[in-house]
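Enquirer: This is the structure I have questions about; it appears just below.
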Amino acid sequence: MNHCTFDRTDDRKWMARAIKLAEKGRYTTQPNPRVGCVIIAGNQLVGEGYHQLAGGHHAEIHALQQAADQARGATAYVSLEPCSHQGKTPPCADALIAAGVSRVVCAMQDPNPQVSGQGLKKLEQAGISTDSGLLQGEAEALNPGFIKRMKTGLPYVRVKLAMSLDGRTAMASGESQWITGEAARADVQALRARSSVVLTGSATVLADNPSMNVRISAADLCLVSSVAELVPHQPLRAIIDSELKVPAESKIFHISAQQAGQKPYEPVIVFSHKNARVKDIQSAALNAAQVVNLSDERVDGSEKINLSAAMKWLAEHKQANEVHVEAGSVLCGALLERQLVDEMIIYMAPHIMGDGAKGLFHLPNLKNMSERINLEIKEIRPIGKDWRITAVPVYQA
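For the sequence shown, my numbering gives the first residue as 219, with consecutive numbering after it.
Okay, here's the thing in structure tokens:
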């Protein structure tokens, strides 16, 4: 197997196309990765495809079906190493071998350490030339959650924040609708749609009574992202509610699928560290809630829900790749303090809300500049009348 030995411009051209195809599965492949594949014969495109839905054909199969007999002797470009094991579908490596391709180029190896490299090894044993590592950074950006879950057993946590120019998220009364404009709120729907889980806290549910579902059609989602082709899935919804304060009549427990083709909602996961009212909340919510009791951790002299355990539970039991957080300053601050936040999407509106309004994060008082949490700004761009800032925390070891 060769690594990064790509001299031809054509290799980059076709791999870029495979990665672009993979993006079309941004909202629909959970818990699987987003993958694209193109098949080239005589420098001509003869087949292409992308993974659309979990349990459905993988990208390679769609591309091979389109290429048919022209796949023999061709080169396949795949954004992720072809699988070598039997899952819900047969191994893609076997399909490529049976089709008679002569070369396979993948952008990155499978991030699962138990199977990484096995697909390429199987192809090589069948006499197929392989290369790996072309446009690897772009391919990794497609699947931050899948990669992190495979390597660490934790999901990729993305926190959405909306703030005024002076860094405030709500008035002292709790009023926060709406800080940002329609364009920013539509973008938030796209963030929810790409996520495995939408997570909030009991304080947000009690204050706003939100549904926390995806409320955007495939057509409108396409206008926002330009890649949506299929009806977006409804992510699992979860609440951090240590004392089970959220009433069973809350809206989050009582909504149904709104678009044709969508599956029924899964029960809302309610993370708690107490058993009180578990039966009451489940029966009153018509089995729309599943209470998960987690171990506690001691923080600042008091017992708190172990947020790391909550993330591990979501990854292990729900195969959650990306967790989208919309919550108040206490939960967001707790996640940041425990170094569980991988990315922040901050919408900044051109307003001044004053000293009495609530801030972004509730954190312990920091005495020294050395204790500050640094951020790496990845992107700043306008969105409607607001600004969208993408930032990544840089944690101290």
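For glycine and all other residues, C-beta sits at the position ideal for the given N, C-alpha and C.
Because the structure is a prediction, the values reported are computed rather than measured.
Pull the bridge partners of A294 from the DSSP assignment, please.
Expert: Note: A294 is bridge-paired with I257 and V322 in the DSSP secondary-structure output.
Enquirer: Could you check what DSSP says for E534 in three-state terms: helix, strand or coil?
Expert: Residue state, collapsed to three classes: helix.
Enquirer: Flag this pair as yes or no: are the beta carbons of A602 and F579 separated by less than 8 Å?
Expert: Per the sequence shown, the amino acid found at residue 602 is Gly instead of Ala. No, they are not a contact pair.
Enquirer: Under a Cβ-count criterion, where at least 16 other Cβ atoms within 10 Å of its own Cβ denotes burial, should M419 be classed as buried or exposed?
Expert: Per the sequence shown, residue 419 should be read as Gly rather than Met. Burial call: buried.
Enquirer: Using the beta-carbon count (16 or more within 10 Å), is W232 buried or exposed?
Expert: buried
Enquirer: By how many angstroms is the C-alpha of Q452 removed from the C-alpha of A478?
Expert: Interpretation of A478 is limited by its pLDDT of 47, a score under 50 that renders its predicted location unreliable; no figure is taken from the coordinates.
Enquirer: Per DSSP, which one or two residues make a beta bridge with I564?
Expert: Note: I564 is bridge-paired with L379 and I607 in the DSSP secondary-structure output.
Enquirer: In whole angstroms, what separates the C-alpha of A567 from that of Y245?
Expert: 27 Å
Enquirer: Compute the Euclidean distance between the alpha carbons of N330 and M368, then round it to the nearest angstrom.
Expert: 5 Å
Enquirer: Within the same chain, show all residues whose beta-carbon is closer than 7 Å to that of A236, passing over the 5 residues directly before and after it, in chain order.
Expert: Sequence-distant Cβ neighbours of A236 in its own chain, meaning closer than 7 Å and more than five residues away, are G254, C255, V256, Y295, V296 and S297.
Enquirer: Hey, quick one: how far does the beta strand (DSSP E) through A425 stretch, first residue to last?
Expert: Bounds of any beta strand (DSSP E) do not take in A425; it lies within the alpha helix (DSSP H) bounded by S420 to D426.
Enquirer: Quick one: is T387 buried, meaning 16 or more other Cβ sit within 10 Å of its Cβ, or exposed?
Expert: Classification of T387: buried, given that the 10 Å Cβ count is 16 or more.
Enquirer: Closest to L263 by CA distance: which of A507, Q288 and S350 is it?
Expert: Q288
Enquirer: Grab the span of the beta strand (DSSP E) containing F489 for me, first residue to last.
Expert: Note, F489: beta strand (DSSP E), V486 to S490.
Enquirer: Should the stretch 570 to 587 be regarded as contacting the stretch 400 to 412, the criterion being three or more beta carbon pairs within less than 8 Å?
Expert: In short, these stretches do not touch, since the Cβ pair count stays below three.
Enquirer: In this structure, what does DSSP give as the bridge partners for Q508?
Expert: Beta-bridge pairing links Q508 to I487.
Enquirer: With distances taken from CA atoms, which of N431, N427 and M587 is nearest S468?
Expert: N427
Enquirer: Which same chain residues end up closer than 8 Å to L584 when comparing Cβ atoms and leaving out the 5 residues on each side of it in sequence?
Expert: Excluding five sequence positions before and after L584, the CB atoms of its chain that fall closer than 8 Å to its own CB belong to R590, given in chain order.
Enquirer: State the Cα-Cα distance for the pair G335 and E540, rounded to the nearest angstrom.
Expert: 24 Å
Enquirer: Could you check what DSSP says for V416 in three-state terms: helix, strand or coil?
Expert: Residue state, collapsed to three classes: strand.
Enquirer: Let me confirm a value: Y374 is counted as buried when at least 16 other C-beta atoms fall within 10 Å, else exposed. Which label applies?
Expert: buried
Enquirer: With a cut-off of 8 Å on the beta carbons, I'd call G267 and Q284 a contact; round off their distance for me.
Expert: 6 Å
Enquirer: Run the CB neighbour count on L383, radius 10 Å, all protein chains shown included, and call it buried at 16 or more, exposed below.
Expert: exposed
Enquirer: For the beta strand (DSSP E) that Q262 lies in, which residues bound it at each end?
Expert: Q262 to Y268
Enquirer: For H280 versus T307, is the C-beta spacing smaller than 8 Å?
Expert: No; because the gap between Cβ atoms is not below 8 Å, this pair is not in contact.
Enquirer: Hey, out of K463, S302, L372 and R606, whose CA is closest to L558's CA?
Expert: L372
Enquirer: Would the beta-carbon of A609 fall within 8 Å of that of M562?
Expert: In contact: A609 and M562 (Cβ atoms closer than 8 Å).
Enquirer: Take I623 as the anchor and find which of C301, V488, L554 and A425 has the nearest alpha-carbon.
Expert: It is not possible to answer for residue 623, since the shown part of the chain is limited to 219 through 615.
Enquirer: Taking 7 Å as the cut-off, is the CB of V319 close to at least one heavy atom of the ligand SAH?
Expert: Among the components of this structure there are no ligands whatsoever, and the ligand SAH is therefore not found.
Enquirer: Apart from the five residues just before and just after H303, which ones in its own chain have a Cβ nearer than 8 Å to its Cβ?
Expert: P309, V333 and Q336
Enquirer: Assuming the contact rule is C-beta atoms closer than 8 Å, G399 and D604 should be a hit. Round their C-beta distance to whole Å, please.
Expert: Their Cβ separation, rounded to whole angstroms, is 6 Å, which keeps G399 and D604 in contact under 8 Å.
Enquirer: Output the distance between the C-alpha atoms of E342 and P611, rounded to the nearest integer angstrom.
Expert: Straight-line Cα distance between these residues: approximately 40 Å.
Enquirer: Taking only three categories from DSSP, how would you classify A478?
Expert: Note on A478: pLDDT 47, under 50, position unreliable in the model; no value is reported.
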